[in-house]
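The structure appears right after this line, and notes come after that.
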Amino acid sequence: MVVLHTAAACDGRNYVVVEYAPKQGCRWYEARRLVLAETDGTLYYQTNGRNVVRIFKDISYDDVRSRSVRWEYRGMVERLKRKADELARQVITPSGALVLTEKDLEAAANAAGGMK
622 MVVLHTAAAC
632 DGRNYVVVEY
642 APKQGCRWYE
652 ARRLVLAETD
662 GTLYYQTNGR
672 NVVRIFKDIS
682 YDDVRSRSVR
692 WEYRGMVERL
702 KRKADELARQ
712 VITPSGALVL
722 TEKDLEAAAN
732 AAGGMK
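Just so we're aligned, residue 622 is where the sequence shown starts under the working numbering, counting upward by one.
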């Protein structure tokens with residue numbers, strides 16, 4: 622198991638892309654498995670571990686030795702990394718958090734400028 626990418630969200634959760642290389646039953650095949658999972662912020666240690674909140678994608682490849690499958694596999698790794706980053710950015714702001722907009726900041730700057 623290798624963690625290929627981790628994206629941290631503002632609510633403390635992590636989105637991880639993990640590669641598994643199952644034991645080879647035959648030397649002619651090189652199987653791989655990709656998992657995109659959401660964790661509770663602790664280290665990822667297995668697919669069905671207690672810290673895994675949900676699994677978004679679980680893709681298996683029977684043999685990644687051929688050139689075409691290898692390119693498709695590498696492309697999928699990059700797509701899953703982008704998806705993890707996107708999910709981390711889309712997290713809903715935690716309840717009780719103060720949300721400031723650009724207008725709020727401009728109003729505060731104008732108020733501070735008028736206090737001189």
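Yeah, the Cβ is synthetic: ideal placement off N, Cα and C, and Gly gets one too.
State buried or exposed for residue i, treating a residue as buried only when at least 16 other CB atoms are found within 10 Å of its CB.
i, result
"leucine 726", "exposed"
"alanine 623", "According to the sequence as given, residue 623 is valine; it is not alanine. Flag for valine 623 reads exposed."
"tyrosine 650", "exposed"
"threonine 663", "exposed"
"glutamate 699", "exposed"
"glutamate 693", "exposed"
Would residue i and residue j be called neighbours here (beta carbons separated by less than 8 Å)?
i, j, result
"alanine 709", "valine 637", "no"
"arginine 634", "valine 674", "yes"
"histidine 626", "lysine 724", "no"
"tyrosine 665", "valine 639", "yes"
Secondary structure at residue i, three-state DSSP: helix, strand or coil?
i, result
"arginine 648", "coil"
"tyrosine 665", "coil"
"alanine 733", "helix"
"valine 690", "helix"
"aspartate 706", "helix"
"aspartate 632", "coil"
Please work out which residues of its chain come closer than 6 Å, Cβ to Cβ, to residue i, disregarding the five sequence neighbours upstream and downstream, and give them in chain order.
i, result
"lysine 678", "Leu657"
"arginine 654", "Tyr641, Ser681"
"alanine 628", "Tyr636, Ala705, Asp706, Ala709"
Within the same chain, show all residues whose beta-carbon is closer than 8 Å to that of residue i, passing over the 5 residues directly before and after it, in chain order.
i, result
"aspartate 683", "Tyr650, Ala652"
"glutamine 645", "Glu651, Ala652"
Who are the near neighbours of residue i in its chain, counting only those whose CB is closer than 7 Å to its CB and skipping five residues on each side?
i, result
"threonine 660", "Arg634, Asn635, Val637, Asn672, Val673, Val674"
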